[in-house]
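Reading the sequence shown from the start, the letters are residues 64 to 190 in the working numbering.
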Amino acid sequence: MLDWLTTGTAWAMGIGQKGAEGGESAGGLGGLLSGPIPMLVLMFVIFYFLLIRPQQKKAKVHKAMLANIRKGDKVLTNGGIYGRVTGLDEQTMTVEIAPQVRIKVSRGHVAGVVGAATTPTAPETKK
């Protein structure tokens, strides 16, 4: 739509037509960037930096988090269930959500690790 409007305006102004001397008019940088291909490339670059790249980074962090889950870690599932990991398989993990209540959850449906398996030690005080 924009290309149609600029072409019509250029035609009405007489730009882009050969002059009386038969020389070409100066297109300049505006003529180069007004085509459809540079606009498509620009849109792809914008989409890459605003949508694709952050999503890839988030997936990479999530995959690393899933690889580092160990028995005893407290996890949160995508369904909102908190529990402690009691067993691990290649694709699934067993999560204890209450005493003697265990469920099997797909590894991909773990939203995050809530706490570590061991309690942190108190920091040493300097004398």
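Where a beta carbon is used, it is the ideal one built from N, C-alpha and C, also for glycine.
Nothing here was measured: the structure is a model prediction, and the numbers come from that model.
Spatial distance of residue i from residue j (CA atoms)
i, j, result
"Val104", "Ile115", "15 Å"
"Gln154", "Ile109", "36 Å"
"Ala122", "Thr140", "16 Å"
"Gly86", "Phe107", "Note on Gly86: pLDDT 49, under 50, position unreliable in the model; the coordinate value appears next. C-alpha separation (whole angstroms): 36 Å."
"Thr182", "Lys134", "Unreliable positioning characterises Thr182 in this predicted model, as indicated by a pLDDT of 46, which lies under 50. The coordinate reading is nonetheless provided below. Distance between the alpha carbons of Thr182 and Lys134: 14 Å."
"Met99", "Ala161", "The sequence given here has Pro at residue 99, not Met. If you take the alpha carbons of Pro99 and Ala161, they lie about 60 Å apart."
"Leu113", "Gln119", "11 Å"
"Gly171", "Thr149", "17 Å"
"Val168", "Tyr111", "33 Å"
"Met102", "Leu96", "7 Å"
Cβ-Cβ distance between residue i and residue j below 8 Å
i, j, result
"Val176", "Ile144", "no"
"Val158", "Gly142", "no"
"Gly178", "Lys137", "yes"
Cβ-based burial, residue i [other Cβ within 10 Å; buried from 16]
i, result
"Asp152", "exposed"
"Met156", "buried"
"Val164", "exposed"
"Val173", "buried"
Span of the alpha helix (DSSP H) around residue i
i, result
"Leu129", "Arg116 to Ala130"
"Ile160", "No alpha helix (DSSP H) contains Ile160, which is instead part of the beta strand (DSSP E) from Thr155 to Ala161."
"Ile109", "Pro99 to Phe110"
Delimiting residues of the beta strand (DSSP E) encompassing residue i
i, result
"Ile166", "Val164 to Ser169"
"Gly150", "Tyr145 to Leu151"
"Lys137", "Lys137 to Thr140"
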